[in-house]
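Q:
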Amino acid sequence: MTRKQKVELLRPVRLFSGLGPKALGEVADLMTEISFAANRYIVRQGQVGTGFYLITAGRARVVRGDRTLNTLGPGEFFGELSVLDQSPRMAHVVTVEPTNVLALASWDFTKLLEANAKVTLTLLKEVAARLRGASESPAH
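In our numbering, each residue carries its 1-based index in the sequence shown increased by 5.
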C-alpha cells in the first residue's frame with residue numbers, strides 16, 4: 006500500500022482529524038498493513054499490547070469471555086488502552102471476515118501522542134466516550 010493510499014484511509018478517522026497533510030503522511034509512514042483471514046485473532050485478551058490498529062477493510066468482533074462487546078469495521082480503531090498504560094489487553098479482537106488493518110507500534114504511537122496535542126486530546130475524548138458507554142450499559 007502506498008503512502009498516499011494510507012493517508013486517504015487515515016484522513017476520515019476522527020482520531021487523526023486534527024492532523025494536516027504533512028503529519029498524516031508521517032503517521033502513514035509509520036503504519037504497517039497487515040491482513041488477517043476470517044476467524045483469526047488480531048489481539049488476545051491478557052496479552053500486553055504492543056500496537057494500535059485501524060481497520061481498513063473487513064470486520065472484527067471485540068470479545069471478552071463468551072460475550073461479544075462490539076463489532077468494528079473500516080475506520081474504527083482499537084488497542085489504544087494497552088498502548089497507553091502498558092497493561093494486558095481487556096478483550097480479544099477476532100476477525101469476522103477477511104480483514105485488513107494498519108498497525109502502529111506502541112513506541113511510535115507514544116511518540117505521536119507526545120508530539121501532537123490534537124491527537125492526544127481526541128484520543129482522550131474517545132477513551133472517555135468508551136468508558137461512559139461501558140458504564141451506562143446494564144450489568145447482567
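For each residue, glycine too, the CB sits at the ideal point set by N, CA and C. Small disclaimer: the values here were computed from a predicted structure and weren't measured.
Judging by CA-CA distance, which residue of Ala-28, Leu-14, Leu-15 is the nearest neighbour of Lys-116?
A: Ranking the options by Cα distance to Lys-116, first place goes to Ala-28.
Q: Quick one: is Asp-71 buried, meaning 16 or more other Cβ sit within 10 Å of its Cβ, or exposed?
A: Label assigned to Asp-71: exposed.
Q: Using C-beta distances below 6 Å, list every residue in its chain close to Val-88, excluding the 5 sequence neighbours before and after it, in chain order.
A: Answer for Val-88: Gly-54, Phe-57, Ser-111, Phe-114, listed in chain order.
Q: Count the CB pairs spanning the stretch 121-134 and the stretch 73-81 that are closer than 8 Å, and state whether there are at least three.
A: They do not touch, by the three-pair rule.
Q: Tell me the rounded alpha-carbon separation between Glu-85 and Ala-122.
A: Roughly 16 Å separates the two Cα atoms.
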